[in-house]
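Position 67 of the sequence shown, counting from 1, maps to 115 under this note's numbering, and the rest follow consecutively.
Built from N, CA and C at the ideal position, the CB exists for glycine as well.
Nothing here was measured: the structure is a model prediction, and the numbers come from that model.
Have a look at the structure below, then the notes.
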Amino acid sequence: MANSSSTAAIEALAADIGENIYIDVAKWHLYLAEAHLHLPLAERVYPLVVDDRLSQTGIEAILADISVSLGDGKQTVPLLSLIPRAGVTRLLTLLEEYKEIL
Numbered sequence: 049m050a051n052s053s054s055t056a057a058i059e060a061l062a063a064d065i066g067e068n069i070y071i072d073v074a075k076w077h078l079y080l081a082e083a084h085l086h087l088p089l090a091e092r093v094y095p096l097v098v099d100d101r102l103s104q105t106g107i108e109a110i111l112a113d114i115s116v117s118l119g120d121g122k123q124t125v126p127l128l129s130l131i132p133r134a135g136v137t138r139l140l141t142l143l144e145e146y147k148e149i150l
């Protein structure tokens, strides 16, 4: 039962991340839901939320560890490099707000 509730919580968090956080490529904003990056990111940050270990450094480390494939795999770039600084701050705020409702 706990597994299904955590799965639902991760999916809800992923939906929120996907609608609010975007990557910026040549001034184009591609929301993480459209890029199919919202669920992998939510799965990685959820333990930080649940264990009350949220920090800018921790979030940036996770974003740096997620590779985004470009040009059909010709190059990979850390997700941290694609999200504007304000987006990283917004992600941390979003996670702190999410923690409040858990």
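First and last residue of the uninterrupted alpha helix (DSSP H) at residue i
i, result
"P95", "H86 to V98"
"I37", "Residue 37 falls outside the range modelled here, since the chain spans only 49 to 150, and no answer is possible."
"L78", "First-last for L78: W76 to Y79, but that is the beta strand (DSSP E), not the alpha helix (DSSP H)."
"S129", "L127 to L130"
Of the listed residues the options, nearest to residue i (C-alpha basis)
i, options, result
"L85", "L127, L142 and Q104", "L127"
"A74", "I131, N68 and P88", "I131"
"L87", "D64, S129 and L140", "D64"
"S129", "E144, A56 and A109", "A109"
"L89", "L140, G121 and E145", "L140"
N- and C-terminal bounds of the beta strand (DSSP E) containing residue i
i, result
"L118", "S115 to L118"
"I71", "Y70 to V73"
Contact under 8 Å by Cβ, residue i with residue j
i, j, result
"Y38", "L78", "Given a span of 49 to 150 for the chain in the structure shown, any question on residue 38 remains unanswerable."
"T105", "S115", "no"
"L80", "L143", "no"
"V97", "K147", "yes"
"E91", "I58", "yes"
"L111", "V136", "yes"
"N68", "R133", "no"
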